[in-house]
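Numbering (this note's numbering), first residue to last: 147 to 513. From the three backbone atoms N, C-alpha and C, an ideal C-beta is built for every residue, glycine too.
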(Lines of atoms letter the chains of each structure in order from A; the text may use other names.)
(Lines give C-alpha, C1' and ligand atoms only; values in the text may rest on other atoms or scores of the structure.)
Protein backbone atom coordinates (compact mmCIF):
# COMPACT_ATOMS: atom_id res chain seq x y z
CA UNK A 147 0.00 0.00 0.00
CA UNK A 148 1.21 3.53 -0.75
CA UNK A 149 0.74 6.81 1.09
CA UNK A 150 -2.18 8.93 -0.03
CA UNK A 151 -1.77 10.81 -3.29
CA UNK A 152 -2.38 14.14 -1.52
CA UNK A 153 0.40 13.57 1.02
CA UNK A 154 2.82 12.42 -1.66
CA UNK A 155 2.10 15.51 -3.74
CA UNK A 156 2.85 17.72 -0.76
CA UNK A 157 6.01 15.81 0.09
CA UNK A 158 7.27 15.97 -3.49
CA UNK A 159 6.55 19.70 -3.61
CA UNK A 160 8.53 20.07 -0.39
CA UNK A 161 11.47 18.13 -1.84
CA UNK A 162 11.49 20.18 -5.05
CA UNK A 163 11.93 23.28 -2.87
CA UNK A 164 14.67 21.87 -0.61
CA UNK A 165 16.57 19.84 -3.22
CA UNK A 166 18.97 22.73 -4.09
CA UNK A 167 19.99 22.86 -0.42
CA UNK A 168 20.67 19.12 -0.37
CA UNK A 169 22.62 19.44 -3.60
CA UNK A 170 24.73 22.18 -2.01
CA UNK A 171 25.22 20.03 1.09
CA UNK A 172 26.38 17.07 -1.00
CA UNK A 173 28.85 19.27 -2.86
CA UNK A 174 30.25 20.69 0.40
CA UNK A 175 30.72 17.24 1.91
CA UNK A 176 32.37 16.00 -1.29
CA UNK A 177 34.87 18.87 -1.10
CA UNK A 178 35.63 18.14 2.56
CA UNK A 179 36.23 14.45 1.88
CA UNK A 180 38.30 15.06 -1.24
CA UNK A 181 40.52 17.59 0.53
CA UNK A 182 41.15 15.33 3.53
CA UNK A 183 41.87 12.24 1.40
CA UNK A 184 44.29 14.21 -0.77
CA UNK A 185 46.13 15.65 2.23
CA UNK A 186 46.30 12.20 3.83
CA UNK A 187 47.88 10.69 0.72
CA UNK A 188 45.26 7.94 0.49
CA UNK A 189 44.74 6.64 -3.02
CA UNK A 190 41.21 6.63 -4.41
CA UNK A 191 39.57 6.42 -7.81
CA UNK A 192 36.93 9.12 -7.52
CA UNK A 193 34.72 11.07 -5.12
CA UNK A 194 31.33 12.23 -6.42
CA UNK A 195 28.12 13.67 -5.02
CA UNK A 196 24.49 14.20 -5.95
CA UNK A 197 21.11 15.26 -4.62
CA UNK A 198 18.53 12.52 -5.09
CA UNK A 199 16.57 13.18 -8.28
CA UNK A 200 12.90 14.00 -7.89
CA UNK A 201 11.59 10.85 -9.57
CA UNK A 202 13.73 8.61 -7.39
CA UNK A 203 12.67 10.48 -4.26
CA UNK A 204 9.01 10.19 -5.28
CA UNK A 205 9.25 6.40 -5.71
CA UNK A 206 11.01 5.97 -2.40
CA UNK A 207 8.66 8.29 -0.50
CA UNK A 208 5.65 6.39 -1.86
CA UNK A 209 6.69 3.14 -0.19
CA UNK A 210 4.54 2.11 2.75
CA UNK A 211 7.48 1.76 5.15
CA UNK A 212 8.11 5.52 5.03
CA UNK A 213 5.46 7.07 7.26
CA UNK A 214 7.36 10.36 7.42
CA UNK A 215 9.59 10.49 4.31
CA UNK A 216 10.99 13.93 5.13
CA UNK A 217 12.70 12.52 8.21
CA UNK A 218 13.05 8.86 7.33
CA UNK A 219 14.75 9.10 3.94
CA UNK A 220 18.42 9.66 4.77
CA UNK A 221 20.06 9.77 1.34
CA UNK A 222 18.59 12.92 -0.20
CA UNK A 223 22.20 14.10 -0.29
CA UNK A 224 24.63 11.39 -1.33
CA UNK A 225 28.41 11.16 -1.60
CA UNK A 226 30.22 8.21 -3.12
CA UNK A 227 33.88 7.31 -2.66
CA UNK A 228 35.25 4.70 -5.06
CA UNK A 229 38.66 3.19 -4.36
CA UNK A 230 40.91 0.92 -6.36
CA UNK A 231 41.18 -1.91 -3.82
CA UNK A 232 39.49 -3.05 -0.59
CA UNK A 233 42.23 -1.97 1.81
CA UNK A 234 41.77 1.59 0.57
CA UNK A 235 38.06 1.37 1.47
CA UNK A 236 39.03 0.74 5.09
CA UNK A 237 41.61 3.53 5.01
CA UNK A 238 39.04 5.97 3.64
CA UNK A 239 36.54 4.96 6.32
CA UNK A 240 39.08 5.53 9.09
CA UNK A 241 39.74 9.00 7.71
CA UNK A 242 36.18 10.18 7.11
CA UNK A 243 34.42 8.84 10.23
CA UNK A 244 35.91 11.47 12.58
CA UNK A 245 34.93 14.26 10.16
CA UNK A 246 31.18 13.88 10.60
CA UNK A 247 28.50 12.99 13.13
CA UNK A 248 27.85 9.38 12.11
CA UNK A 249 24.45 7.82 12.84
CA UNK A 250 25.29 4.19 13.80
CA UNK A 251 21.65 3.10 13.76
CA UNK A 252 21.26 3.86 10.06
CA UNK A 253 24.82 3.15 8.88
CA UNK A 254 25.57 -0.30 7.50
CA UNK A 255 28.35 -2.49 6.12
CA UNK A 256 26.65 -4.45 3.33
CA UNK A 257 29.50 -6.97 3.40
CA UNK A 258 28.63 -8.03 6.95
CA UNK A 259 24.96 -8.27 6.05
CA UNK A 260 25.79 -10.96 3.49
CA UNK A 261 27.29 -13.23 6.12
CA UNK A 262 29.79 -16.00 5.36
CA UNK A 263 27.74 -18.01 2.89
CA UNK A 264 26.38 -15.42 0.45
CA UNK A 265 27.75 -13.22 -2.31
CA UNK A 266 26.36 -10.04 -3.81
CA UNK A 267 26.25 -6.30 -3.27
CA UNK A 268 29.11 -5.10 -1.07
CA UNK A 269 29.53 -1.52 0.10
CA UNK A 270 29.83 0.54 3.28
CA UNK A 271 27.11 3.13 3.86
CA UNK A 272 27.34 5.88 6.47
CA UNK A 273 24.40 8.13 7.35
CA UNK A 274 25.73 11.31 8.89
CA UNK A 275 25.30 14.98 9.71
CA UNK A 276 27.80 17.79 9.88
CA UNK A 277 29.42 18.20 13.31
CA UNK A 278 28.34 20.99 15.65
CA UNK A 279 31.78 22.54 15.22
CA UNK A 280 31.37 22.80 11.47
CA UNK A 281 27.74 23.93 11.74
CA UNK A 282 29.01 26.84 13.83
CA UNK A 283 30.64 28.27 10.71
CA UNK A 284 28.37 30.67 8.76
CA UNK A 285 28.75 28.85 5.45
CA UNK A 286 27.53 25.56 6.98
CA UNK A 287 24.80 26.78 9.35
CA UNK A 288 22.07 26.31 6.70
CA UNK A 289 22.66 22.53 6.83
CA UNK A 290 21.70 22.08 10.49
CA UNK A 291 19.80 18.80 11.06
CA UNK A 292 20.22 17.71 7.42
CA UNK A 293 21.48 14.18 6.86
CA UNK A 294 23.52 12.74 4.02
CA UNK A 295 24.72 9.29 3.03
CA UNK A 296 28.33 8.38 2.25
CA UNK A 297 28.98 5.19 0.27
CA UNK A 298 32.49 3.70 0.12
CA UNK A 299 33.27 0.84 -2.26
CA UNK A 300 35.87 -0.47 -4.70
CA UNK A 301 35.70 -0.08 -8.47
CA UNK A 302 34.62 -3.70 -8.87
CA UNK A 303 32.00 -3.40 -6.14
CA UNK A 304 30.72 -0.30 -7.91
CA UNK A 305 30.56 -2.11 -11.25
CA UNK A 306 28.60 -4.94 -9.65
CA UNK A 307 26.21 -2.50 -7.96
CA UNK A 308 25.54 -0.68 -11.23
CA UNK A 309 24.91 -3.88 -13.20
CA UNK A 310 22.87 -5.76 -10.60
CA UNK A 311 20.68 -2.75 -9.75
CA UNK A 312 20.06 -1.61 -13.31
CA UNK A 313 16.62 -2.79 -14.38
CA UNK A 314 17.75 -2.77 -18.00
CA UNK A 315 19.84 -5.86 -17.19
CA UNK A 316 16.84 -7.62 -15.56
CA UNK A 317 18.91 -8.69 -12.55
CA UNK A 318 16.32 -7.56 -10.00
CA UNK A 319 14.59 -10.01 -7.65
CA UNK A 320 14.61 -13.80 -7.89
CA UNK A 321 16.11 -15.05 -11.11
CA UNK A 322 14.83 -18.09 -13.02
CA UNK A 323 16.44 -21.46 -12.38
CA UNK A 324 16.24 -22.51 -16.03
CA UNK A 325 19.65 -22.86 -17.70
CA UNK A 326 21.27 -22.35 -14.28
CA UNK A 327 20.66 -18.58 -14.54
CA UNK A 328 20.45 -18.04 -10.77
CA UNK A 329 23.51 -20.21 -10.15
CA UNK A 330 25.54 -18.50 -12.89
CA UNK A 331 24.55 -15.12 -11.50
CA UNK A 332 25.83 -16.16 -8.07
CA UNK A 333 29.04 -17.51 -9.61
CA UNK A 334 29.59 -14.21 -11.40
CA UNK A 335 29.21 -12.35 -8.11
CA UNK A 336 31.61 -14.76 -6.39
CA UNK A 337 34.18 -14.43 -9.19
CA UNK A 338 34.06 -10.66 -8.98
CA UNK A 339 34.60 -10.82 -5.24
CA UNK A 340 37.60 -13.13 -5.70
CA UNK A 341 39.11 -10.79 -8.29
CA UNK A 342 38.58 -7.85 -5.94
CA UNK A 343 40.37 -9.72 -3.15
CA UNK A 344 43.24 -10.73 -5.43
CA UNK A 345 43.76 -7.14 -6.59
CA UNK A 346 43.89 -6.11 -2.93
CA UNK A 347 46.43 -8.84 -2.12
CA UNK A 348 48.55 -7.88 -5.13
CA UNK A 349 48.52 -4.22 -4.10
CA UNK A 350 49.64 -5.17 -0.58
CA UNK A 351 52.44 -7.40 -1.88
CA UNK A 352 53.67 -4.68 -4.24
CA UNK A 353 53.69 -2.21 -1.34
CA UNK A 354 55.75 -4.66 0.72
CA UNK A 355 58.16 -5.10 -2.18
CA UNK A 356 58.35 -1.33 -2.60
CA UNK A 357 59.39 -0.91 1.05
CA UNK A 358 61.97 -3.69 0.76
CA UNK A 359 63.52 -2.11 -2.34
CA UNK A 360 63.53 1.33 -0.75
CA UNK A 361 65.39 -0.06 2.27
CA UNK A 362 67.95 -1.81 0.03
CA UNK A 363 68.56 1.33 -2.03
CA UNK A 364 69.04 3.46 1.07
CA UNK A 365 71.63 0.93 2.28
CA UNK A 366 73.45 0.83 -1.09
CA UNK A 367 72.35 -2.73 -1.81
CA UNK A 368 71.72 -2.38 -5.55
CA UNK A 369 71.63 -6.03 -6.52
CA UNK A 370 67.97 -5.61 -7.45
CA UNK A 371 66.37 -6.38 -10.81
CA UNK A 372 65.08 -3.34 -12.67
CA UNK A 373 61.36 -2.74 -12.89
CA UNK A 374 59.18 0.31 -12.46
CA UNK A 375 59.15 0.05 -8.66
CA UNK A 376 62.89 -0.52 -8.20
CA UNK A 377 63.81 2.18 -10.72
CA UNK A 378 61.54 4.71 -9.04
CA UNK A 379 63.07 4.04 -5.62
CA UNK A 380 66.61 4.20 -6.99
CA UNK A 381 66.06 7.42 -8.94
CA UNK A 382 64.23 9.02 -6.01
CA UNK A 383 67.33 8.42 -3.91
CA UNK A 384 70.11 9.00 -6.46
CA UNK A 385 68.71 12.18 -7.97
CA UNK A 386 67.14 13.69 -4.84
CA UNK A 387 69.03 17.02 -5.22
CA UNK A 388 67.55 17.58 -8.69
CA UNK A 389 64.08 16.51 -7.53
CA UNK A 390 64.20 18.96 -4.62
CA UNK A 391 65.09 21.76 -7.04
CA UNK A 392 62.07 20.86 -9.21
CA UNK A 393 64.38 20.09 -12.13
CA UNK A 394 63.45 16.42 -12.24
CA UNK A 395 59.85 15.22 -12.17
CA UNK A 396 59.23 11.85 -10.49
CA UNK A 397 57.24 10.28 -13.29
CA UNK A 398 57.88 8.04 -16.27
CA UNK A 399 55.34 10.06 -18.26
CA UNK A 400 53.31 6.92 -19.01
CA UNK A 401 56.34 5.21 -20.53
CA UNK A 402 57.51 3.00 -17.65
CA UNK A 403 57.09 -0.32 -19.48
CA UNK A 404 58.90 0.95 -22.54
CA UNK A 405 61.86 2.42 -20.65
CA UNK A 406 62.37 -0.80 -18.66
CA UNK A 407 62.47 -2.69 -21.95
CA UNK A 408 64.94 -0.18 -23.43
CA UNK A 409 67.24 -0.54 -20.42
CA UNK A 410 67.28 -4.33 -20.75
CA UNK A 411 67.98 -4.15 -24.48
CA UNK A 412 70.84 -1.79 -23.62
CA UNK A 413 72.25 -4.42 -21.24
CA UNK A 414 71.07 -3.00 -17.91
CA UNK A 415 69.38 -5.63 -15.75
CA UNK A 416 69.97 -4.47 -12.18
CA UNK A 417 70.17 -1.20 -10.27
CA UNK A 418 73.89 -1.89 -9.82
CA UNK A 419 74.29 -1.95 -13.62
CA UNK A 420 72.77 1.47 -14.08
CA UNK A 421 74.56 2.92 -11.05
CA UNK A 422 77.92 1.95 -12.56
CA UNK A 423 77.35 3.92 -15.76
CA UNK A 424 75.82 6.96 -14.04
CA UNK A 425 78.80 7.62 -11.81
CA UNK A 426 78.90 10.52 -9.35
CA UNK A 427 78.16 13.47 -11.65
CA UNK A 428 74.38 13.38 -11.78
CA UNK A 429 74.08 16.94 -13.11
CA UNK A 430 75.41 16.14 -16.57
CA UNK A 431 72.35 14.04 -17.36
CA UNK A 432 69.89 16.92 -16.97
CA UNK A 433 70.19 20.06 -19.08
CA UNK A 434 66.58 21.23 -18.57
CA UNK A 435 63.52 20.20 -16.51
CA UNK A 436 62.68 16.61 -17.40
CA UNK A 437 61.25 13.38 -15.99
CA UNK A 438 62.50 9.86 -15.32
CA UNK A 439 61.77 8.74 -18.88
CA UNK A 440 63.93 11.48 -20.42
CA UNK A 441 66.61 11.10 -17.74
CA UNK A 442 67.13 7.38 -18.35
CA UNK A 443 67.32 7.88 -22.10
CA UNK A 444 69.88 10.65 -21.57
CA UNK A 445 71.94 8.32 -19.39
CA UNK A 446 72.05 5.62 -22.06
CA UNK A 447 72.71 8.06 -24.93
CA UNK A 448 75.49 9.95 -23.16
CA UNK A 449 77.30 6.76 -22.14
CA UNK A 450 77.05 4.90 -25.46
CA UNK A 451 74.87 6.51 -28.12
CA UNK A 452 75.59 3.84 -30.73
CA UNK A 453 74.59 1.02 -28.39
CA UNK A 454 71.37 2.82 -27.51
CA UNK A 455 70.23 3.41 -31.08
CA UNK A 456 71.38 0.05 -32.42
CA UNK A 457 69.93 -2.08 -29.60
CA UNK A 458 67.47 -0.21 -27.39
CA UNK A 459 65.87 2.61 -29.38
CA UNK A 460 63.69 0.62 -31.81
CA UNK A 461 62.01 3.83 -33.01
CA UNK A 462 60.30 4.39 -29.67
CA UNK A 463 60.66 8.11 -30.34
CA UNK A 464 61.63 10.03 -33.47
CA UNK A 465 61.97 13.68 -32.45
CA UNK A 466 64.57 15.56 -30.43
CA UNK A 467 64.66 19.15 -29.24
CA UNK A 468 67.30 21.45 -30.81
CA UNK A 469 68.57 22.48 -27.36
CA UNK A 470 69.12 18.82 -26.53
CA UNK A 471 71.03 18.34 -29.76
CA UNK A 472 73.30 21.23 -28.81
CA UNK A 473 73.74 19.98 -25.25
CA UNK A 474 74.61 16.44 -26.28
CA UNK A 475 77.08 17.81 -28.83
CA UNK A 476 78.74 19.88 -26.07
CA UNK A 477 79.36 16.62 -24.17
CA UNK A 478 81.09 15.10 -27.18
CA UNK A 479 78.13 12.95 -28.20
CA UNK A 480 77.92 12.66 -32.00
CA UNK A 481 74.16 13.20 -32.09
CA UNK A 482 74.17 14.86 -35.53
CA UNK A 483 75.55 11.71 -37.17
CA UNK A 484 72.98 9.58 -35.36
CA UNK A 485 70.18 11.90 -36.48
CA UNK A 486 71.23 11.45 -40.09
CA UNK A 487 71.71 7.71 -39.79
CA UNK A 488 68.40 7.00 -38.04
CA UNK A 489 66.40 9.81 -39.65
CA UNK A 490 65.59 11.68 -36.44
CA UNK A 491 64.05 15.12 -36.73
CA UNK A 492 63.98 18.19 -34.51
CA UNK A 493 60.62 18.26 -32.73
CA UNK A 494 58.86 19.80 -29.76
CA UNK A 495 57.99 16.40 -28.22
CA UNK A 496 61.34 14.81 -27.49
CA UNK A 497 62.46 11.66 -25.73
CA UNK A 498 61.06 12.54 -22.32
CA UNK A 499 57.61 12.02 -23.85
CA UNK A 500 56.26 8.64 -24.93
CA UNK A 501 53.25 8.92 -27.21
CA UNK A 502 52.85 5.17 -27.64
CA UNK A 503 52.23 4.64 -23.92
CA UNK A 504 49.52 7.25 -23.38
CA UNK A 505 47.11 4.59 -22.12
CA UNK A 506 49.44 3.31 -19.42
CA UNK A 507 48.60 4.93 -16.08
CA UNK A 508 50.65 4.93 -12.89
CA UNK A 509 48.55 2.93 -10.40
CA UNK A 510 50.69 3.41 -7.35
CA UNK A 511 52.13 6.50 -5.73
CA UNK A 512 55.21 8.09 -7.25
CA UNK A 513 56.80 8.26 -3.78
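Assign residue i to one of three DSSP states: helix, strand, or coil.
| i | result |
| --- | --- |
| residue 294 | strand |
| residue 426 | coil |
| residue 166 | helix |
| residue 371 | strand |
| residue 492 | strand |
| residue 517 | The chain is shown only over 147 to 513; residue 517 falls outside these bounds and no answer can be derived. |
| residue 248 | strand |
| residue 216 | helix |
| residue 479 | coil |
| residue 338 | helix |
| residue 449 | helix |
| residue 208 | coil |
| residue 459 | coil |
How big is the Cα-Cα spacing for residue i and residue j?
| i | j | result |
| --- | --- | --- |
| residue 316 | residue 411 | Bear in mind that the predicted position of residue 316 carries a pLDDT of just 47, short of 50, making it too unreliable to give a figure here. |
| residue 90 | residue 200 | Since the first residue shown for the chain is 147 and the last is 513, residue 90 is missing from the structure and cannot be characterised. |
| residue 176 | residue 164 | 19 Å |
| residue 253 | residue 229 | 19 Å |
| residue 292 | residue 216 | 10 Å |
| residue 282 | residue 191 | 32 Å |
| residue 394 | residue 484 | 26 Å |
| residue 262 | residue 336 | With a pLDDT of 48 at residue 262, under the threshold of 50, the modelled position of that residue is not reliable, and the figure given next carries that caveat. Going by the C-alpha atoms only, they are around 12 Å apart. |
| residue 286 | residue 432 | 49 Å |
| residue 486 | residue 471 | 12 Å |
| residue 362 | residue 349 | 20 Å |
| residue 338 | residue 304 | 11 Å |
| residue 403 | residue 421 | 20 Å |
| residue 450 | residue 457 | 11 Å |
| residue 306 | residue 269 | 10 Å |
| residue 155 | residue 244 | 38 Å |
| residue 379 | residue 205 | 54 Å |
Kindly identify the DSSP beta-bridge partner or partners of residue i.
| i | result |
| --- | --- |
| residue 224 | 196 and 295 |
| residue 273 | 295 |
| residue 255 | 270 |
| residue 394 | 436 |
| residue 278 | According to DSSP, residue 278 bridges with nothing at all. |
| residue 465 | 491 |
| residue 416 | 371 |
| residue 229 | 300 |
Of all the options the options, which has the alpha carbon lying nearest to the alpha carbon of residue i?
| i | options | result |
| --- | --- | --- |
| residue 271 | 217, 369, 434 and 300 | 300 |
| residue 429 | 419, 422, 441 and 418 | 441 |
| residue 345 | 352, 231, 454 and 250 | 231 |
| residue 278 | 210, 290 and 366 | 290 |
| residue 385 | 460, 426 and 246 | 426 |
| residue 196 | 453, 297 and 154 | 297 |
| residue 168 | 189, 209, 275 and 402 | 275 |
| residue 454 | 349, 414, 202 and 156 | 414 |
| residue 375 | 359, 390, 387 and 212 | 359 |
| residue 435 | 463, 469 and 403 | 469 |
Taking only heavy atoms of the ligand COA into account, decide whether any of them is closer than 8 Å to the Cβ of residue i.
| i | result |
| --- | --- |
| residue 226 | The ligand COA is not among the ligands present in this structure, which contains no ligands whatsoever. |
Three CB pairs or more closer than 8 Å across the region 182–194 and the region 210–221: no
The region 408–424 in contact with the region 446–460 per 3-pair CB rule at 8 Å: yes
Validate contact between the region 336–344 and the region 355–375 using beta carbons, cut 8 Å, 3 pairs: no
Three or more C-beta pairs below 8 Å linking the region 328–335 and the region 359–371: no
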